[in-house]
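Engineer: Heads up: the sequence shown begins at -15 in my numbering, then just goes up one per residue.
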Amino acid sequence: MEKADTTYVKAYTLANRFEADVVADALEREDIPFWIRTFEDTAYDGLFVTQKGWGDVMVPGQYFHKALRIIYSLVKDSPTRGLYEYPEEVDPILWDTLEKLDPDDVCKRALATYREKEYDYILPFLSGSLRIVPSERLIVQERKLPFDSVDFETALIALNYLINASPTEPSRKWVGEKDLPGGFVFFQGPHQLPTRPLADMYQLYPQDVIRAVDVLGGRQIQMDHGNLTFVVNVFPRVPVMLIFWKGDEEFEPQMAFRFDATITLHLPVLDQVFAMTYVLYRHIKAALEQEE
């Protein structure tokens, strides 16, 4: 496909030619302009340099998020890799946007702290915190958690939270993912939440799950439904409820997420809510494994 007269950005690094064919076919069917820059054809200062992967998928900036969703649905279950792995791969526009914002306003909205000498934000995150340095495009854990690295999804939701957070207190009205605007259509197929692996964890290791969620700052609450219910603050204004049901001879174990009705004021795109649930799942899994 020929390049259009517009600014193209990297949407994905391809692992091999087969993956390139699959991704190209999916983007063509969705009428998304793209071109593939293969590494074997890419020169740097007159020298050909070996790079990780096979090539980059380039799309116009305005198609970045749509292309990301389509590619993620194709490769998220790949046994060898995920869509993105590193925080450096987030859209640079997010960093540019955050850097231009007034730190006092960001902190008031997001309940974060800005340190003028270090030029960084400290954002409470689960039972730990993240150090975010816009000028260096850097995100690290300030207070360590069992899952002690910052991955792409964590960077994605942290930056979007700082940029978009509203100075609105949680309503304590809990809704399911399909009750969110557009959620009934979005949260299907490739966008199913990680409820099954969490339900299996609770069925097999109930006490370890209780301790794992406690390590992450979750608090157990009493509800009329479910065998076990926690509320975890992912970010200061983003509480998430986790409800577990044990299985028996008649029913399989189940798990459900519930979100405060204000969540889209802070994470306005459903991709961000989806990513947040997988971040939480990874941290629970890491905390549980630490208990073993």
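Note that CB positions come from ideal geometry on N, CA and C, so glycine has one too.
For the candidate residues Arg203, Pro165, Asn148, Thr138, whose alpha-carbon lies nearest to that of Tyr265?
Structural biologist: Of the candidates Arg203, Pro165, Asn148, Thr138, the one whose C-alpha sits nearest the C-alpha of Tyr265 is Thr138.
Engineer: Could you give the residue range of the beta strand (DSSP E) that holds Phe235?
Structural biologist: Note, Phe235: premise wrong, no beta strand (DSSP E); not H, not E.
Engineer: In angstroms, rounded to a whole number, what distance separates the CA positions of Leu272 and Met225?
Structural biologist: For Leu272 and Met225, the distance between alpha carbons rounds to 18 Å.
Engineer: Quickly, what does DSSP pair Leu226 with across the bridge? List them, please.
Structural biologist: For Leu226, which the question treats as bridged, DSSP gives the partners Phe214, Phe241.
Engineer: I need the DSSP call for Asp75, collapsed to helix, strand or coil.
Structural biologist: Looking at Asp75 - three-state DSSP - the assignment turns out to be coil, as it is neither helix nor strand.
Engineer: Kindly indicate which residue of Met207, Asp208, Leu182 has the alpha-carbon position closest to the one of Ala196.
Structural biologist: Among Met207, Asp208, Leu182, the Cα nearest to that of Ala196 is on Leu182.
Engineer: What does DSSP give as the partner residue(s) for Ser113 in the beta ladder?
Structural biologist: Ser113 pairs with Pro108, Arg127.
Engineer: Assuming Ala4 and Ile16 make a contact with CB atoms under 8 Å, what is their CB distance in whole Å?
Structural biologist: Between Ile16 and Ala4 the Cβ distance is about 15 Å, and since that is not below 8 Å, they are no contact.
Engineer: Could you spell out the range, first to last residue, of the beta strand (DSSP E) harbouring Ile20?
Structural biologist: Here the beta strand (DSSP E) through Ile20 covers 19 to 22.
Engineer: For the segment 119 to 177, which segments carrying the beta strand (DSSP E) assignment without a break, of at least 3 residues, lie completely within its bounds, in sequence order?
Structural biologist: Entirely contained in the segment 119 to 177, the beta strand (DSSP E) runs reaching 3 residues are, in chain order, 122 to 127.
Engineer: Nearest-angstrom Cα distance between Val263 and Asp135?
Structural biologist: C-alpha separation (whole angstroms): 9 Å.
Engineer: Thr248: which of Ala149, Gly202, Ala270, Asp208 sits nearest, CA to CA?
Structural biologist: If we check each option's Cα against that of Thr248, Ala149 comes out closest.
Engineer: Tell me the residue span of the beta strand (DSSP E) that contains Lys(-6).
Structural biologist: Here the beta strand (DSSP E) through Lys(-6) covers -8 to -2.
Engineer: Buried or exposed, going by whether 16 or more other CB atoms sit within 10 Å of the CB of Asn211?
Structural biologist: Exposed, by the Cβ-count rule.
Engineer: With contact counted as at least three CB pairs below 8 Å, one residue from each stretch, are the segment 170 to 186 and the segment 225 to 242 in contact?
Structural biologist: The answer is yes - the segment 225 to 242 touches the segment 170 to 186, with three or more Cβ pairs under 8 Å.
Engineer: Using a Cβ-Cβ distance cut-off of 7 Å, determine whether Thr22 contacts chain D.
Structural biologist: The displayed structure is made up of one protein chain only, and chain D is not part of it.
Engineer: Tell me whether Pro252 sits in a helix, a strand or coil according to DSSP, three-state version.
Structural biologist: Coil at Pro252, not helix or strand.
Engineer: Quick check: Tyr189 and Phe228, are their CB atoms within less than 7 Å of each other?
Structural biologist: Not in contact: Tyr189 and Phe228 (Cβ atoms no closer than 7 Å).
Engineer: Determine the DSSP secondary structure at Asp40, reduced to helix, strand or coil.
Structural biologist: Asp40 falls in the strand class under three-state DSSP.
Engineer: Just checking my contact of Leu110 with Ile123 at CB under 8 Å: how many whole Å lie between their CB atoms?
Structural biologist: The pair is not a contact, with the Cβ atoms about 14 Å apart (cut-off 8 Å).
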